[in-house]
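K.L.:
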Amino acid sequence: MKLIDSHGRTINYLRLSVTDRCNMRCFYCMPKEGIVKKGHAAMLTYEELLLIAETAVGLGIEKIRITGGEPLVRADIVDFLRTLSRIPRLQHLALTTNGLLLEEMAADLYEAGVQRLNVSLDSLNAQTFNTITRGGDLKKVLAGLDAAERAGFPPPKINCVIMRGVNDAEILDFADMSLSHGNSIRFIEYMPAIKEDDWQRYCISGVEILDRIAVRYPLEQEDKGPFAGPSRDFRIPGAKGSIGIITAVSGHFCSECNRIRVTSTGQAKGCLFADAKTDLLPWLRPPDREGLAKVLKGIVSAKPERHNISQVGYAHTNFTMSQVGG
Ligand code: SAM
Ligand code: SF4
Numbered sequence: 000m001k002l003i004d005s006h007g008r009t010i011n012y013l014r015l016s017v018t019d020r021c022n023m024r025c026f027y028c029m030p031k032e033g034i035v036k037k038g039h040a041a042m043l044t045y046e047e048l049l050l051i052a053e054t055a056v057g058l059g060i061e062k063i064r065i066t067g068g069e070p071l072v073r074a075d076i077v078d079f080l081r082t083l084s085r086i087p088r089l090q091h092l093a094l095t096t097n098g099l100l101l102e103e104m105a106a107d108l109y110e111a112g113v114q115r116l117n118v119s120l121d122s123l124n125a126q127t128f129n130t131i132t133r134g135g136d137l138k139k140v141l142a143g144l145d146a147a148e149r150a151g152f153p154p155p156k157i158n159c160v161i162m163r164g165v166n167d168a169e170i171l172d173f174a175d176m177s178l179s180h181g182n183s184i185r186f187i188e189y190m191p192a193i194k195e196d197d198w199q200r201y202c203i204s205g206v207e208i209l210d211r212i213a214v215r216y217p218l219e220q221e222d223k224g225p226f227a228g229p230s231r232d233f234r235i236p237g238a239k240g241s242i243g244i245i246t247a248v249s250g251h252f253c254s255e256c257n258r259i260r261v262t263s264t265g266q267a268k269g270c271l272f273a274d275a276k277t278d279l280l281p282w283l284r285p286p287d288r289e290g291l292a293k294v295l296k297g298i299v300s301a302k303p304e305r306h307n308i309s310q311v312g313y314a315h316t317n318f319t320m321s322q323v324g325g
């Protein structure tokens, strides 16, 4: 079975957020004071998250990425991932993490059946990292990356949000990292996720990032593999790892969009930057598998053709990135 939206795109990817809580406070993702904590009852239980995942896979979803907030802070996450990994016909189970808890959890995640990890890492400088994340410890994240490879994972993909005047001086340092490390380093354009009037001041386009790398290194374009996602990938000849750009703002990849999202409170979204959301709770409490399948299909067919964040006067959505899961 295939899920096709009304613009002819095949939707085979679900991003499922398991919590909106986090052990970091990245300034571009969360307000300093954190988000207003939802009561326990508002969060989907693992049974409810599983029902969504199974129903989505039954409809044609092939890849699930677990995200948050920080997914590794939710209690019993490893057992939940093990259950997910056993869903028949689910081809790919991935997880995005800030890496703080990876050192102690990598082996369990691998054993539970997670196939790939994306780790967010915006700076290789301990002080800058600490400032961006409002307190994060770079050493822990680097130790987590090592632990992931020791556990058997392929080198995690690195998500790096580049912001003018914050960490753009490190673009070449990350490019250097790709020479000696097998990680795919994906530079993500800064997106308007917290309510800030002059968010554009941080934006650096993917093209500018590539231009800055090209001053030092030639870049060869890489072929897209299955489940490659929105990243356009390149490699410095002879480098162990690759470099990618995710141009959500400047050159949006909406025509290739293959995903839907569900938040940890059961709000389904067809587009990260659209206000439209569908509350899945009526089909989860009590569980109604058939009704849920119908409503998920409806969300897919109502997916907007494109987002409008590049347009003048774009109004922020009502969600922070930590609530939707990126
Ligand atoms: N806590 C996990 C992490 O940081 O990897 C998973 C959730 S986080 C919301 C998922 C991704 O969204 C991260 O890679 C993060 O860098 C990205 N993100 C958050 N806010 C963003 C923004 N304003 N612009 C671009 N990417 C953003
Ligand atoms: Fe937490 Fe990830 Fe958001 Fe940073 S980007 S505050 S680690 S959810």
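Sequential numbering from 0 applies to the sequence shown in my numbering.
Beta carbons: idealized from backbone N, C-alpha and C, even for Gly.
Which ranges does the beta strand (DSSP E) cover as unbroken runs of at least 3 residues, wholly within the segment 204-238, from first to last along the chain?
P.N.:
Those beta strand (DSSP E) runs which fall completely within the segment 204-238 and span 3+ residues are 231-234.
K.L.:
Using the DSSP secondary-structure output, state which residues sit across from V160 in a beta bridge.
P.N.:
The partner list for V160 (beta bridge, DSSP) reads I187.
K.L.:
Thinking R163 and I203 are a contact (beta carbons under 8 angstroms), I'd like their distance in whole angstroms, please.
P.N.:
Yes, they are in contact, since the Cβ atoms of R163 and I203 sit about 5 angstroms apart, within 8 angstroms.
K.L.:
Which term fits V248, buried or exposed, when burial requires 16 or more other beta carbons within 10 angstroms of its beta carbon?
P.N.:
Classification of V248: buried, given that the 10 Å Cβ count is 16 or more.
K.L.:
Between the beta-carbon of I63 and the beta-carbon of N11, is there less than 8 angstroms?
P.N.:
Result no, Cβ atoms of I63 and N11 do not sit closer than 8 angstroms.
K.L.:
Does DSSP put A267 in a helix, a strand or coil?
P.N.:
If DSSP states are grouped into helix, strand and coil, A267 belongs with the strands.
K.L.:
Note down, in chain order, each residue of its chain lying with its Cβ closer than 6 angstroms to the Cβ of R24, except the 5 sequence neighbours on either side.
P.N.:
R133, listed in sequence order.
K.L.:
Quick check: what's the CA-CA separation for E53 versus R200?
P.N.:
Distance between the alpha carbons of E53 and R200 is about 42 angstroms.
K.L.:
In terms of DSSP beta bridges, what is L116 paired with?
P.N.:
Answer by DSSP bridge pairing, in chain order: L94.
K.L.:
Within the segment 105-156, note down every full beta strand (DSSP E) run reaching 3 residues or more, in order along the chain.
P.N.:
Qualifying beta strand (DSSP E) stretches, in chain order: 115-119.
K.L.:
Rounded to a whole number of angstroms, what is the C-alpha to C-alpha distance between M320 and C28?
P.N.:
C-alpha separation (whole angstroms): 5 angstroms.
K.L.:
Classify A20 as buried or exposed, calling it buried when 16 or more other Cβ atoms lie within 10 Å of its own Cβ.
P.N.:
For the sequence presented, residue 20 should be read as Arg rather than Ala. Classification for R20: buried.
K.L.:
When you compare the segment 139-155 with the segment 94-114, are there three or more beta-carbon pairs, one atom per stretch, that lie closer than 8 angstroms?
P.N.:
The answer is yes - the segment 94-114 touches the segment 139-155, with three or more Cβ pairs under 8 angstroms.
K.L.:
So, helix, strand or coil for V299, using DSSP?
P.N.:
Helix, per DSSP.
K.L.:
When you compare only the Cα positions, how much space is there between L99 and G135?
P.N.:
Each residue's Cα considered, the two are about 8 angstroms apart.
K.L.:
Is it true that the CB of I245 sits closer than 8 angstroms to the CB of R185?
P.N.:
Result yes, Cβ atoms of R185 and I245 sit closer than 8 angstroms.
K.L.:
Would you check whether the ligand SF4 has a heavy atom nearer than 7 angstroms to the C-beta of E69?
P.N.:
Yes.
K.L.:
Taking only the alpha-carbon atoms, compute the straight-line gap between E188 and A292 and give it to the nearest angstrom.
P.N.:
Near 34 angstroms, if we compare the C-alpha coordinates of A292 and E188.
K.L.:
DSSP state of L13, grouped into three classes?
P.N.:
Strand.
K.L.:
Assign D4 to one of two classes, buried (16 or more other C-beta atoms within 10 Å of its C-beta) or exposed (fewer than that).
P.N.:
Label assigned to D4: buried.
K.L.:
CB of S263 to nearest heavy atom of the ligand SF4: below 7 angstroms?
P.N.:
No, since every heavy atom of the ligand SF4 falls outside the 7 angstroms radius drawn around the Cβ of S263.
K.L.:
What residues are listed by DSSP as bridge partners for K62?
P.N.:
Note: K62 sits in a beta bridge opposite Y12 and H91.
K.L.:
Using a Cβ-based criterion (distance less than 7 angstroms to any ligand heavy atom), does S321 qualify as near the ligand SF4?
P.N.:
Yes.
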